Amino acid sequence: MIEKMKKYTFVLYHLEYEEFLAKLQGLGLLHIIRSTDEKTGSLLRNQDLLREYAEALKFLGKVAQAESKSGTNLPTKAVLNQINKAREEKDKLEHKLDILRKQIRDLEPWGNFDYDLVKKLRESGVGIDFYHCLKNHYQAEWEDQCTIKTIGERSGILYFVALYQGKSPALEADKFSFHQHTLEELKQNSIEVEKRIEAVKEYFSSIAATATELFMSEITKITTEYDFEDASLQAVKEAEDHLRIIGGWIPVSKEAGLLDFIKQEELIYFSSAAKVEENPPISLKNNWFARLFEPISKMYMLPKYNEFDLTPFLAPFFMLFFGFCNADVAYGIVLIALALVLKWKAKNDTMKGFMNLVILFGVSSIIMGFVVGSLLGYDLKELPVVGERILIRNNDQIFNFALLLGVIQILFGISIAIVKKIHQSGFMHGLSEFGTFLFIATLSVLGASQLGTDISAVQPYLKYPLWGGLGLILLFNQPGKNPLINIAGGLWLLYNIVTGFFGDILSYIRLFALGVSSAILGFVVNSIGAQMSSIPWVGPVIFFVFMLFGHGLNLALGALSGFVHPLRLTFVEFFKNAAFEGPGMAYKPFSKSTK
68 MIEKMKKYTF VLYHLEYEEF LAKLQGLGLL HIIRSTDEKT GSLLRNQDLL
118 REYAEALKFL GKVAQAESKS GTNLPTKAVL NQINKAREEK DKLEHKLDIL
168 RKQIRDLEPW GNFDYDLVKK LRESGVGIDF YHCLKNHYQA EWEDQCTIKT
218 IGERSGILYF VALYQGKSPA LEADKFSFHQ HTLEELKQNS IEVEKRIEAV
268 KEYFSSIAAT ATELFMSEIT KITTEYDFED ASLQAVKEAE DHLRIIGGWI
318 PVSKEAGLLD FIKQEELIYF SSAAKVEENP PISLKNNWFA RLFEPISKMY
368 MLPKYNEFDL TPFLAPFFML FFGFCNADVA YGIVLIALAL VLKWKAKNDT
418 MKGFMNLVIL FGVSSIIMGF VVGSLLGYDL KELPVVGERI LIRNNDQIFN
468 FALLLGVIQI LFGISIAIVK KIHQSGFMHG LSEFGTFLFI ATLSVLGASQ
518 LGTDISAVQP YLKYPLWGGL GLILLFNQPG KNPLINIAGG LWLLYNIVTG
568 FFGDILSYIR LFALGVSSAI LGFVVNSIGA QMSSIPWVGP VIFFVFMLFG
618 HGLNLALGAL SGFVHPLRLT FVEFFKNAAF EGPGMAYKPF SKSTK
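In my numbering, the protein residues as written are 68 to 662.
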């Protein structure tokens, strides 16, 4: 859910303003209201510094750190400059090495020879040219024009020398121009450059741990200074520059800490409840289960202040959809085991939280694996005891189940939109959404009859919600307007509802496609593996390796599709039907950086 916010405005004497900001930053509770986006010279310089340090940290994160950490007495900025200079040198050396390697490749077919000998031959009147061409383009007639000596052949290319006196022969081949250095010299230069590159890499490896600590500490320091200076610009100057007025937002749940600070500092302030038109920041507060899915909802955008936080509502659907795309008991167990190992190795809370989410995905895969009867691609329905308990027994039922989940999520989204409209605008504004719910629900029941469901018990009564829903859509889509305008607008709305519903419901068929394709791939892997197991002696080993590789690849593809497609179903179909509105501004309290 979205936490309630309160607005606090402080009136301060200008000489006490910086001291107040320092203490407020130490408190770390108030989200400062911005009054300007002005950037001073020092702010711009700090931005550039933060960018440089962040880029250097990203680079050092890819460096294999040495076992022994080397220290340094240099200032942090000097270490940054030293590392940047070493990176530039490494780039230049690698570019030089690429050129040398290309020159070596060009010269290798010709081998080592004496350049002075070529010079002496030319001085004595014997012309010598070096050529290369495709082997099948070589013409024997060229030998009538000059003396040709074949040097060698590589990758279908023929290398040869033409010796002549007088005018150079006109051969339809590519003439080769030699570099200033011999092949041996180039190889020696290449070795020296490689040694210099290795020396630079060793420097990075030895300094990485120390530099990372220094840069992280410096980023924390600069960020704190940056935030302080930026906050100092947000106050409005009054009373001929003698007063500073600054405001901010704080969640009601944290208000007690701010009030204690105000009482202790004896500050002059005004407070009021947040209003939607003031665009207060958004702070989400959910239980442990929904909190795991907050990064997913934030990938789209935060809701507006008067919106509903859809995170608790999308969480069970997202988990179920992932399991649908990876409906296999063994795959679920592997996901849980992998997540537990990575969580144990994780060093930050963000990664641990993501691994908890993967564990839930694994649980969902196990549940859906039992529902459809799949264990490592094998059909559990063939087992005598377990097979009787499998709920979904064929592809038609899987298809229908995917559509059923789609209808449930769409109707659930519309239900949220009904409650939201009534909460925000009043009962009359929710009638049109309620009509949409009745209309879509009726269409869904009628559609179920086309998939083999017996609806004879309810069919005589379906006309009531159908016509009732149409009436609410046509008459109450714009409460308070002229009825004729409502009817005209309702017809356009009805067109969008019908086309939108069928477009939305078709998207859920992909759940069926992804789930079945994963099962088919697992079956194919098992079939090929069984054939390989019959190979004498090495069969069992090949079977194990192939099964490991095949099912690992299938699991990786299923996990990717099982995450991406539910994202689309959530952000497009569910959020649209729930009438979600955003973006909201994230709650970021003014505090000292602890990065």
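We put the CB at the ideal spot given by N, CA and C, even for glycine.
Computed from a predicted structure; not experimentally measured.
Under 8 Å by Cβ, that's how I've got residue i and residue j pegged, so tell me the actual separation to the nearest angstrom.
i       : j       : result
Glu-648 : Lys-352 : The pair is not a contact, with the Cβ atoms about 20 Å apart (cut-off 8 Å).
Ala-397 : Leu-442 : 5 Å
Leu-478 : Ile-507 : 6 Å
Phe-328 : Gln-92  : The Cβ separation is near 12 Å, so there is no contact.
Gly-429 : Gly-399 : 4 Å
Phe-613 : Gly-596 : 5 Å
Lys-216 : Phe-227 : 6 Å
Ile-264 : Lys-157 : 6 Å
Ser-431 : Leu-387 : 6 Å
Under a three-way DSSP split, which group does residue i fall into?
i       : result
Cys-213 : coil
Arg-154 : helix
Asp-173 : helix
Val-452 : coil
Asp-416 : helix
Ile-312 : strand
Glu-305 : strand
Leu-377 : coil
Ser-273 : helix
Leu-539 : helix
Leu-141 : coil
Phe-356 : helix
Arg-460 : coil
Trp-534 : helix
Gln-92  : helix
Tyr-120 : helix
Ser-660 : coil
Asn-203 : helix
Asn-553 : helix
Lys-254 : helix
Ala-131 : coil
Tyr-575 : coil
Gln-491 : helix
Below 6 Å CB to CB, which residues in the same chain sit around residue i once its five sequence neighbours on both sides are set aside?
i       : result
Gly-480 : Phe-641, Asn-644, Ala-645
Leu-424 : Leu-359
Gly-187 : The residue you asked about is not Gly; residue 187 is Lys in the sequence shown. Counting only Cβ-Cβ distances below 6 Å, and skipping sequence neighbours, we find nothing.
Ile-572 : Gly-473
Val-343 : Tyr-372, Asn-373
Gly-497 : Ile-485, Lys-488, Ile-489
Glu-155 : none
What residues in its chain sit with their C-beta under 7 Å from that of residue i, if we drop five residues either side in the sequence?
i       : result
Gln-491 : Asn-373
Asn-289 : Residue identity check: residue 289 is Ile in the sequence provided, not Asn. Excluding residues within five positions, the ones whose Cβ falls inside 7 Å are Asn-113, Leu-116, Leu-117.
Ser-235 : Gly-194, Asp-196
Gly-420 : Leu-359
In the DSSP output, what is residue i paired with across the bridge?
i       : result
Pro-318 : Met-72
Val-228 : Phe-197, Lys-216
Lys-242 : Tyr-198
Ser-338 : Tyr-75
Ala-653 : Ile-349
Ile-483 : None; Ile-483 has no bridge partner.
Tyr-80  : Leu-310
Ile-99  : Gly-315
Arg-221 : Ile-224
Tyr-445 : Leu-442
State yes or no: is the C-beta of residue i within less than 8 Å of the C-beta of residue j?
i       : j       : result
Gly-444 : Gly-589 : yes
Ile-317 : Ala-302 : no
Ser-511 : Val-474 : yes
Ala-394 : Val-452 : no
Leu-369 : Ala-653 : yes
Gly-567 : Leu-541 : no
Leu-88  : Gly-315 : no
Ala-278 : Leu-127 : yes
Thr-503 : Leu-533 : no
Ile-224 : Lys-202 : yes
Ala-406 : Ile-426 : yes
Ile-349 : Gly-625 : no
Ala-275 : Gln-132 : yes
Under 7 Å: does the beta carbon of residue i sit that close to some heavy atom of the ligand GTP?
i       : result
Leu-369 : Among the components modelled here there is no ligand, and therefore nothing to report on the ligand GTP.
With a threshold of 8 Å on Cβ separation, who are the neighbours of residue i within its own chain once the five nearest residues in sequence on each side are excluded?
i       : result
Arg-460 : Gly-440, Lys-448
Leu-141 : Gln-149
Cys-200 : Ile-224, Leu-225, Glu-239, Ala-240, Asp-241
Leu-505 : Pro-532, Leu-533, Gly-535, Gly-536, Leu-539
Val-525 : Val-512
For chain D, check one thing: does any of its Cβ atoms lie closer than 8 Å to the Cβ of residue i?
i       : result
Ser-109 : Chain labels in this structure do not include chain D; a single protein chain is all it has.
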